[in-house]
Amino acid sequence: MRRAYLLAGVALTLTSAWAVAQDAPESLLPKMFQDPAPTPSPTPTPRATAASSASSNASSGNPAAPRAVSSPVVQALPGGATGQAAQAQQQDGEFALTRLPTLEEIEKMTPDDFEELLGSKIQLDMPPAARRSMEQVGMLAESEGGLPAASLARQNPKLVELALASNRGALVSRWGHILLRRALVSRLQAPAGMEPQQFAALRIGLLLRMGEIDAARAVLQDIDIDNYTPSLGDLAMRTYERTADFTGLCPIMATQGKLRDDPQWDVAKAICEAFRGNSSSSLSKLERDRRSGKMDNIDMLLAQKYAGAAGKARRAVTIEWDKVEGMTPWRYGLTIGTGMEPPARLMTKASVQYGYTDALAPMVSLQRRAAASDRAAAAGILSNAAMVDLYSQIYADTDITGDFQDAAESLRDAYTLQSSDARLAAMQALWNAAPDPVSGYARKVLTAAAAARMPASEDYADNAAPLITSMLSAGFEANAMRWSSVVEKGSPAWGLLALVSGTGSRSVDTGDLDRYIDDDESANKRKAAFLVAGLAGLGSLGENDVSRYSNDLSLELAGSTRWTTAIDSAAERGDAASVVLLMGFGMQGSSWQRMTPRYLYHIVSALRQVGMEDEARLIAAEAVGRA
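This note's numbering puts the first residue of the sequence shown at 1297, with every later residue one more than the last.
Below, the structure written as structure tokens:
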């Protein structure tokens, strides 16, 4: 019976289409509003013969009265059309079937197949004025703080590709991460000899590896879909997986659905079919794919649950994780996208990238976002304002109790209490509750604005170093410099202020620096080593002093590698974009233990030479504060 209905519906559709193709549409407007019929061309009058001319002259002298000349009326045959008419009909949206499909083919057709058969397949129809050029791709113009558009236009495409593709995304520095992100989202031209799509794909891929999923999506969406390549299609899948926004793929599926041909792509197509209104057909297809083993059972069940949210099918899908051994971006995106929480046993072994997604995902619970926020803030993904906003929501939610609510109350006290002593105590409670150094620095990011409100008084000089570290984590240099007249020369706080003072070159008293080095209690005097490297890179030490401290602390600042040669050369050319990319390449690592003073020296020096001195100072101060 179902087959009979299907065939009847198809037959009706095809016959209706043929009828439309045969007869021109009849206007429903009153005749007075219709366009006037075209004036028929005058019929040529036959030449008068000599006899007729003579007869006319012999007749009455009155001129001949005018008489109507009839012309033949040509009526179009019902079944035919001229070539021009057929072409006009085709331009008006009509179609012609070259072959009638068989019954077996019709039964197997999907809605997309029917659209293509009937000529109603979605075509990208964008006005020329709305199309975006691939000449410059990105979301941040130079006037908005981005790099100049032509920054990399004349650079070696192979070196640019190496710097982007070889970067694993994990940087030791929060400020280095922020600077690299700004470069990657800038509206840039591709290097000469590199396709714009490839250049965009390299940038989007690195943003994803950095955990910057929102920034990656923004750059991806700056490209018109008709300009997508298979590599951009792969990145689109990865991006929308990580953002748990599988419906973001649907415009791509509608117009560029053949970018890929694999099970995951086909299942995503079925999900989009559900959100286009064909939920029953979509769920049936997903169930067939599950039974055929197209993907793992858990992957197909999660896809069914996600697609089931689109319509009225109301099909219950039970998700069982007992036999699942690992977490993938596909599973994670579908899980949080349907309001579920992934099993804790799988997340303990999962990559830190899932934590970055948690920190940014609005559908994740506040507790889970807070648990992931420390690492995201320390990495540079979350700002001070984003952290404060998150804990403000936790404070307002009376259902949340425990450590996160305690932290939210301490943060509120750090901002609102009248007594400076009480505000400092609230900040210290947050710092001391951190379980590890990464969380400890993240808590300083959280309290940055509160620390900036503390009075610069000798009463708090002993706590100046953590307060200044907190301020500098969010870029409050001016507030930090208020403490310059309070802190003791050669103290830890003095070292931080020496890096951000910006008072010019060779301005550091070597006696104060010697006192700092002698009092440094960090392992292998790492803080002192980074301080010397930072001051040398900023030009705040003379060449002889740089050489002496380098030898005394075994820093080897004068040594060179292929990387140091490359970044120094880019700085000499004034190539800021290449300096930033090489900085990101040289700062890869999981902690500051992976950074050497020599690399820090070359990074700070190169950034200063290309006009990014503020960023150079903040990176150097972060190195000393976190060593």
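Glycine included, each C-beta is placed from N, C-alpha and C at the ideal position.
Environment of residue i [buried if 16+ CB atoms lie within 10 Å]
i, result
"Val1920", "buried"
"Gln1889", "exposed"
"Trp1471", "buried"
"Val1648", "exposed"
"Asn1276", "Nothing can be reported for residue 1276, as the shown portion of the chain is limited to 1297 through 1923."
"Asp1654", "buried"
"Thr1765", "buried"
"Ser1850", "exposed"
"Ser1469", "buried"
"Val1369", "Model confidence at Val1369 stands at a pLDDT of 42, short of 50, so the residue's coordinates are unreliable; what they give is reported in the following sentence. So Val1369 ends up on the exposed side."
"Glu1773", "buried"
"Asp1557", "exposed"
"Gln1971", "The question about residue 1971 has no answer here: the residues shown for the chain are numbered 1297 through 1923."
"Met1506", "buried"
"Gly1635", "exposed"
"Leu1914", "buried"
"Met1659", "exposed"
"Glu1431", "exposed"
"Gly1553", "buried"
"Asn1593", "exposed"
"Trp1859", "exposed"
"Gly1698", "exposed"
Endpoints, alpha helix (DSSP H) assigned at residue i
i, result
"Arg1811", "1806-1815"
"Thr1653", "1648-1656"
"Arg1904", "1893-1905"
"Gly1791", "1788-1796"
"Ala1461", "1453-1461"
"Leu1443", "Taken as a continuous stretch (DSSP letters only), Leu1443 belongs to no alpha helix (DSSP H), as it is neither H nor E."
"Gln1560", "1559-1571"
"Gly1835", "Counting along the chain, Gly1835 falls outside any alpha helix (DSSP H), and DSSP gives it neither H nor E."
"Trp1626", "1625-1633"
"Ser1588", "1575-1588"
"Gln1714", "Here Gln1714 belongs to no alpha helix (DSSP H), and DSSP marks it neither H nor E."
"Val1613", "No alpha helix (DSSP H) holds Val1613; DSSP gives it neither H nor E."
"Pro1547", "1546-1552"
"Trp1859", "1858-1869"
"Glu1276", "In the structure as shown, the chain begins at 1297 and stops at 1923. Residue 1276 is therefore absent and cannot be evaluated."
Distance CB(residue i)-CB(residue j) smaller than 8 Å
i, j, result
"Ile1474", "Gly1676", "yes"
"Ser1843", "Ala1867", "no"
"Ala1612", "Ile1567", "no"
"Thr1543", "Leu1516", "no"
"Leu1480", "Arg1499", "yes"
"Ala1496", "Leu1503", "no"
"Ala1459", "Leu1877", "yes"
"Arg1894", "Leu1837", "no"
"Leu1245", "Leu1720", "Residue 1245 cannot be examined here, being either before or after the span of the chain that is shown, 1297 to 1923."
"Gly1833", "Ala1912", "yes"
"Leu1707", "Tyr1687", "yes"
"Tyr1812", "Gly1786", "yes"
"Leu1793", "Trp1779", "yes"
"Pro1625", "Arg1538", "yes"
"Met1591", "Pro1559", "yes"
"Thr1551", "Ile1521", "yes"
Residue nearest to residue i in terms of C-alpha spacing, selected from the options
i, options, result
"Gly1622", "Arg1611, Ala1646, Tyr1602", "Ala1646"
"Ala1674", "Leu1896, Tyr1737, Leu1531", "Tyr1737"
"Ala1745", "Val1620, Asp1685, Glu1583", "Asp1685"
"Thr1857", "Asp1871, Ala1825, Ser1846, Thr1892", "Thr1892"
"Arg1641", "Leu1448, Trp1626, Lys1619", "Lys1619"
"Ala1681", "Gly1771, Leu1455, Gly1489, Asp1585", "Gly1771"
"Leu1484", "Ile1615, Asn1463, Ser1429", "Ser1429"
"Val1796", "Pro1733, Tyr1687, Gln1714, Met1908", "Met1908"
"Tyr1897", "Tyr1845, Ser1887, Asp1871, Ser1886", "Tyr1845"
"Met1683", "Gly1698, Asp1699, Arg1665", "Arg1665"
"Phe1700", "Thr1694, Ile1690, Asp1709", "Ile1690"
"Arg1904", "Ala1872, Gln1884, Met1883, Ala1917", "Ala1872"
"Pro1751", "Ala1570, Lys1821, Ser1716", "Ser1716"
"Pro1788", "Glu1839, Asp1758, Ser1803, Ser1781", "Asp1758"
"Leu1531", "Leu1555, Gly1501, Leu1662", "Gly1501"
"Pro1444", "Ala1916, Val1906, Ser1578", "Val1906"
Residues that DSSP places opposite residue i in a beta bridge
i, result
"Ser1469", "DSSP lists no partner for Ser1469."
"Ser1482", "Leu1436"
"Gln1663", "Beta-bridge pairing links Gln1663 to no other residue."
"Gln1884", "Leu1467"
Cβ of residue i within 8 Å of any chain B Cβ
i, result
"Leu1443", "The question asks about chain B, but that chain is absent: this structure has only one protein chain."
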